[in-house]
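Protein chains in written order, with the numbering used here: chain Y, 1 to 466; chain F, 1001 to 1276; chain Z, 2001 to 2290.
Below is one structure, written out as structure tokens; the observations come after it.
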Amino acid sequence: MVWRFENDRLLCRQTANLEEGRSKRLDREESMKFKSMLLGAVSLGVMTGLVHAETITIATVNNGDMIRMQKLTDDFTAKNPDIDVEWVTLEENVLRQRVTTDIATKGGQYDVMTIGTYEVPIWGKQGWLVSLNDLPESYDIDDLLPAIRGGLTVDGELYAAPFYGESSMVMYRTDLMEKAGLEMPEAPTWDFIAEAARAMTDKENEVYGICMRGKAGWGENVAFITAMSNSFGARWFDMDWKPQFDQPAWKDTLTFYLDLMEDAGPPGASSNGFNENLALFQTGKCGMWIDATVAASFVTNPDDSEVADKVGFALAPDKGLGKRSNWLWAWSLAIPAGTDNEAAAKKFIEWATSKEYLELVASKEGWANVPPGTRTSLYENPEYKKVPFAEMTLQSINSADPQNPTVDPVPYVGVQFVAIPEFQGLATVIGQQFSAALAGTITAEQALQSAQQIATREMTKAGYIK
Amino acid sequence: MARAVTPAHKATVTFFAWAIGLLIFFPILWTILTSFKTEAEAIASPPSFVGFDWTLENYSTVMERSNYFLHFLNSVVISVGSTLIGLLIAIPAAWSMAFVPGKRTKDVLMWMLSTKMLPPVGVLIPIYLIFRDTGLLDTRTGLVIVLTLINLPIIVWMLYTYFKEIPVDILEAARMDGASLRAEIIYVLTPMAVPGIASTLLLNIILAWNEAFWTLNLTAAKAAPLTAFIASYSSPEGLFYAKLSAASTMAIAPILVMGWFSQKQLVRGLTFGAVK
Amino acid sequence: MATQHSKSAARFMISPAVLLLLGWMLIPLSLTLYFSFLRYNLLMPGTEEWAGLLNYRFFLTDPAFFDAIWNTLLLVGGVLVITVVGGVLLALLLDQPFWGQGIVRILVIAPFFVMPTVSALVWKNMFMNPVNGLFAFLAKAVGLEPFDFLAHAPLSSIILIVAWGWLPFATLILLTALQSLDSEQLEAAEMDGASWMSRFFYIMLPHLARAITVVILIQTIFLLSVFAEILVTTNGGPGTATTNLTFLVYAQSLLQFDVGAGSAGGVVAIILANIVAIFLMRMIGKNLDA
Chain Y
1 MVWRFENDRL LCRQTANLEE GRSKRLDREE SMKFKSMLLG AVSLGVMTGL VHAETITIAT
61 VNNGDMIRMQ KLTDDFTAKN PDIDVEWVTL EENVLRQRVT TDIATKGGQY DVMTIGTYEV
121 PIWGKQGWLV SLNDLPESYD IDDLLPAIRG GLTVDGELYA APFYGESSMV MYRTDLMEKA
181 GLEMPEAPTW DFIAEAARAM TDKENEVYGI CMRGKAGWGE NVAFITAMSN SFGARWFDMD
241 WKPQFDQPAW KDTLTFYLDL MEDAGPPGAS SNGFNENLAL FQTGKCGMWI DATVAASFVT
301 NPDDSEVADK VGFALAPDKG LGKRSNWLWA WSLAIPAGTD NEAAAKKFIE WATSKEYLEL
361 VASKEGWANV PPGTRTSLYE NPEYKKVPFA EMTLQSINSA DPQNPTVDPV PYVGVQFVAI
421 PEFQGLATVI GQQFSAALAG TITAEQALQS AQQIATREMT KAGYIK
Chain F
1001 MARAVTPAHK ATVTFFAWAI GLLIFFPILW TILTSFKTEA EAIASPPSFV GFDWTLENYS
1061 TVMERSNYFL HFLNSVVISV GSTLIGLLIA IPAAWSMAFV PGKRTKDVLM WMLSTKMLPP
1121 VGVLIPIYLI FRDTGLLDTR TGLVIVLTLI NLPIIVWMLY TYFKEIPVDI LEAARMDGAS
1181 LRAEIIYVLT PMAVPGIAST LLLNIILAWN EAFWTLNLTA AKAAPLTAFI ASYSSPEGLF
1241 YAKLSAASTM AIAPILVMGW FSQKQLVRGL TFGAVK
Chain Z
2001 MATQHSKSAA RFMISPAVLL LLGWMLIPLS LTLYFSFLRY NLLMPGTEEW AGLLNYRFFL
2061 TDPAFFDAIW NTLLLVGGVL VITVVGGVLL ALLLDQPFWG QGIVRILVIA PFFVMPTVSA
2121 LVWKNMFMNP VNGLFAFLAK AVGLEPFDFL AHAPLSSIIL IVAWGWLPFA TLILLTALQS
2181 LDSEQLEAAE MDGASWMSRF FYIMLPHLAR AITVVILIQT IFLLSVFAEI LVTTNGGPGT
2241 ATTNLTFLVY AQSLLQFDVG AGSAGGVVAI ILANIVAIFL MRMIGKNLDA
């Protein structure tokens, strides 16, 4: 079976060569038809696509939108028959570790990498990424949402093209809200959220008023709590890079979070991340869930969600200090500097983040499943405006400001992260402290005290604090 | 020899043995069952054991999304390849340690085992740099080399303990008859050592199959084995229990089936010198 | 006894294995050692500089360091106790005649074939999850509050997961050893009126001593570097409750990409592992020479 497969590829390569000679006679369309017939015959084996001169390797995250992109590869290879695509799809943490090791050591294993708004500024500054400023006119770079584009630009160079963008918002059960006799405003405060959460909670029937991230990790509970702390007037560092966890604003944030989870959160919250909460919400166990805007298409999809027709949306809450608690993230495609297949890689990125790609997805899976949050034109599209969460997503994204994320000034960029290389490790350890506080093994004061100590140590070691 | 066993006693033992056996096996059984459910049924409460609508949907989704056969083939090549090469290097070494022991033999053996205690995360970056410079990243060859090296101590140790149980008299008799060293190894020692070698082989294939650190970190698209395949299912967005179960079942099924069929051989030599 | 000829032949035959392992150990180890004295972060190339003992100082004074050592010992010890005690009991049970021996043995052996990542994922999501997990369902069925395993008993939960994977291994070795026990000796003891307990403690257990040491040795080697189960389930938390040495080094070198600190941690871990190794070797040496 296996060797036959290799042979198929060989045969296929020979046929492809042969065919090239013949294609002078055939017109292009016929040639395509011939190729797709051949493709059908070969795809009994495993690979799709013919063996071409150029192969690009794409590393991506196993999120729904990327998996859809992988499924649609045929459309790209049909338009670019001289490029073959290989996929490496991995879980987020594994992927991040893989691509970072590879790019930092110049391992050269990937031609296109899926990275986030945290990596782009750091890597761009190092000169590790290929600038995408020269994408063709038809790509319409100016159509990209300004907030998202800003996060991916370093010194005027766009270093990654956004595949989908997200902020965070409140998703709530309209039926439970009604039952509790409350009405969700479009822009709620934390105090309203707390009141509503406590009112909606019905532990007997496994309904928990609020689901928030609790699982340790810089992209999990730290992202959530950091964004939340922004609205409480807290910040990670002051202008001299001195950690601020010993300040009252942090204590307010963490105590509020812990109290609310204690009263109205689900059991086991300290190991709940995005996925765990999604499963809870979809099975009707959460009254409200504050999380990524992309979740909206999952919770309103009747195939997966038991509560699809009872979901409402609102902006992430604030505390009246001028900052909301929503974050900004964009999964983006970038090209590592030094790849041999730069031109092909660029072609791929152009395809995957184009307006045409959005239309392609819409035609196959409906507008609700289009990768959101990257292009202005999408939100002007009357078809997309019908999607219930479109408007709220756009508003959330636009209200996040990575350049000025906090109430008081900070020396760093990033809403739910601090765009310095030390952040990942630091936040992982601090995230563990937060989740320990949520699990009840330590108090909020102890968690913040450890966080302050850890941050001071690491920042001293890294030379920020002299 | 013939201890009297009352039927009542046998029935009791049977009951407990089955109960415990099923209990231990249950997580695997549950995974397999879940892989045939829909995502909604997978987390339904109360859970159903067999009375659900059996579906192959998860398997077709997984097959569509991943190049299962490529990962499978890589796993086979890497685990079998590294084990065979490991055996090739280890058999002579174990032979000489067992039959021509020197003063330092034991120390050498213990030192070999202690190299297994090297925490892989501590040396990933150096290895990655070496692999980059030698072009071994994302190649089966590279993984075969690494897995051979990390399992070599275990192979040597297993074979050594097994060889030691072979009575020396027989070898000496062969030597008296004028057998050369080579002949001694090939015609006398090897046949006696086959069960030990077989179980070493099997155990190391299992270990190599399940190795998840190096196989994940040194591969990208071409050489990625089933451990990388699993890493793409571990926590995608949305409900994922059923798909995860299907992928898990596919990742462990080959080695499970191999293990079951060969368990007699595996068990026979799996003594590590524990039996005198 | 052995001739000069066979001695040199022996040396010749052992050398490939020794040389390869020596290379495998020395090349990365010396690089690691070198890196451990540098300020070297992968994410900030060009800033490498000699840092002396800075990395060691920070690693050894890390508040998580002693937790990590303690957790490592608990994890190794806990799994060893469960697998050895459980393995002996299971071996005793399976050694007796009963119907369906072959099938039961297959059932018992199966967890050993499961990849650590898979078993961790399955246990975490399908069993220990306090809302959708099977344990939570069982607890609710008998009217109890579901227990949140990974939050309130994180290390024990991980020990359970790891022990599940290694129990078959211990059972198999112990069972083989038990089957090699001379049954006449047992029968003689039985005739002399020795109780089951005394037969177990005076005949069976001493006979199993070697097998138990082997189980301990082999498992310790693997258990010292348990990693996947932690990464998948708790990420070392809550707090540092499940951070073992391997995970701590991982956090330094692959989350922070601080190769210097990670290397220092790696060196420390290697030294500690070798201390454990020396103890083990002593123990095993005594038992195996006998």
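C-beta atoms are modelled at their ideal positions from N, C-alpha and C, and glycine is treated no differently.
Residues near residue i by beta carbon distance below 7 Å, same chain, minus five either side
i: Thr2032 (chain Z); result: Ser2263, Gly2266 and Val2267
i: Val1144 (chain F); result: Ile1078, Gly1081, Ser1082 and Ile1085
i: Leu44 (chain Y); result: Reliability of the predicted coordinates at Leu44 (chain Y) is poor, the pLDDT of 41 falling under 50, and the value obtained from them is presented with this limitation in mind. Excluding positions up to five away in sequence, the list is empty.
Close-in-space but distant-in-sequence residues of the same chain around residue i (CB under 6 Å, 5 per side omitted)
i: Leu132 (chain Y); result: Leu158 and Ala161
i: Met1258 (chain F); result: none
i: Phe2112 (chain Z); result: Pro2168 and Phe2169
i: Ala368 (chain Y); result: Ser297 and Val387
Beta-carbon proximity list for residue i, same chain, < 8 Å, skipping 5 on both sides
i: Thr376 (chain Y); result: Asp143, Leu144 and Leu145
i: Pro409 (chain Y); result: Met239
Chain Y within 7 Å of residue i, Cβ atoms only
i: Ala1223 (chain F); result: no
i: Leu1129 (chain F); result: yes
i: Ser1234 (chain F); result: yes
i: Val1257 (chain F); result: no
i: Ser2008 (chain Z); result: no
Residue i versus residue j: straight-line alpha-carbon distance, rounded
i: Gly64 (chain Y); j: Met1063 (chain F); result: 16 Å
i: Glu206 (chain Y); j: Met288 (chain Y); result: 13 Å
i: Ala451 (chain Y); j: Phe245 (chain Y); result: 7 Å
i: Met1192 (chain F); j: Met1117 (chain F); result: 31 Å
i: Arg379 (chain Y); j: Glu391 (chain Y); result: Per the sequence shown, the amino acid found at residue 379 (chain Y) is Tyr instead of Arg. The straight-line gap from Cα to Cα measures roughly 8 Å.
i: Ala2120 (chain Z); j: Leu1218 (chain F); result: 22 Å
i: Leu1113 (chain F); j: Pro1153 (chain F); result: 5 Å
i: Glu356 (chain Y); j: Val299 (chain Y); result: 26 Å
i: Ala1008 (chain F); j: Thr1105 (chain F); result: 52 Å
i: Glu2049 (chain Z); j: Leu2038 (chain Z); result: 6 Å
i: Leu2138 (chain Z); j: Ile2161 (chain Z); result: 19 Å
i: Leu2134 (chain Z); j: Ser1045 (chain F); result: 9 Å
i: Ile430 (chain Y); j: Pro248 (chain Y); result: 17 Å
i: Trp2080 (chain Z); j: Thr2171 (chain Z); result: According to the sequence as given, residue 2080 (chain Z) is Leu; it is not Trp. When rounded, the distance between both Cα atoms is 12 Å.
i: Thr2246 (chain Z); j: Ile2221 (chain Z); result: 13 Å
Interface flag, residue i vs chain F, CB-CB below 7 Å
i: Leu90 (chain Y); result: yes
i: Ala2170 (chain Z); result: no
i: Pro2045 (chain Z); result: no
i: Thr2128 (chain Z); result: Note on identity: in this sequence residue 2128 (chain Z) is Met, with Thr being the wrong assignment. Answer no: the Cβ-Cβ gap between Met2128 (chain Z) and chain F never drops below 7 Å.
i: Asn221 (chain Y); result: no
i: Ile2270 (chain Z); result: yes
i: Phe2098 (chain Z); result: yes
i: Ile2275 (chain Z); result: no
i: Leu44 (chain Y); result: In this prediction, Leu44 (chain Y) scores a pLDDT of 41, lower than 50, which makes its location untrustworthy; the coordinate-derived value is nonetheless stated afterwards. No, because no Cβ of chain F sits closer than 7 Å to the Cβ of Leu44 (chain Y).
CB of residue i within 7 Å of CB of residue j, strictly
i: Val415 (chain Y); j: Leu321 (chain Y); result: no
i: Leu2150 (chain Z); j: Ser2156 (chain Z); result: no
i: Pro121 (chain Y); j: Val85 (chain Y); result: no
i: Thr479 (chain Y); j: Pro336 (chain Y); result: Given a span of 1 to 466 for chain Y in the structure shown, any question on residue 479 (chain Y) remains unanswerable.
i: Ala444 (chain Y); j: Leu258 (chain Y); result: yes
Residues that DSSP places opposite residue i in a beta bridge
i: Gly312 (chain Y); result: Y:Tyr172
i: Val88 (chain Y); result: Y:Ala59
i: Trp329 (chain Y); result: Y:Glu166
i: Val207 (chain Y); result: Y:Asp202
i: Leu477 (chain Y); result: Because chain Y here runs from 1 to 466, residue 477 (chain Y) falls outside it and cannot be looked at.
i: Asp318 (chain Y); result: Y:Thr189 and Y:Arg324
i: Arg375 (chain Y); result: Y:Leu144
Residue-level contact to chain Z via CB, residue i, 7 Å cutoff
i: Ala337 (chain Y); result: no
i: Thr393 (chain Y); result: no
Per-residue contacts from residue i into chain B (C-beta, under 8 Å)
i: Tyr2202 (chain Z); result: Of the protein chains in this structure, namely Y, F and Z, none is chain B.
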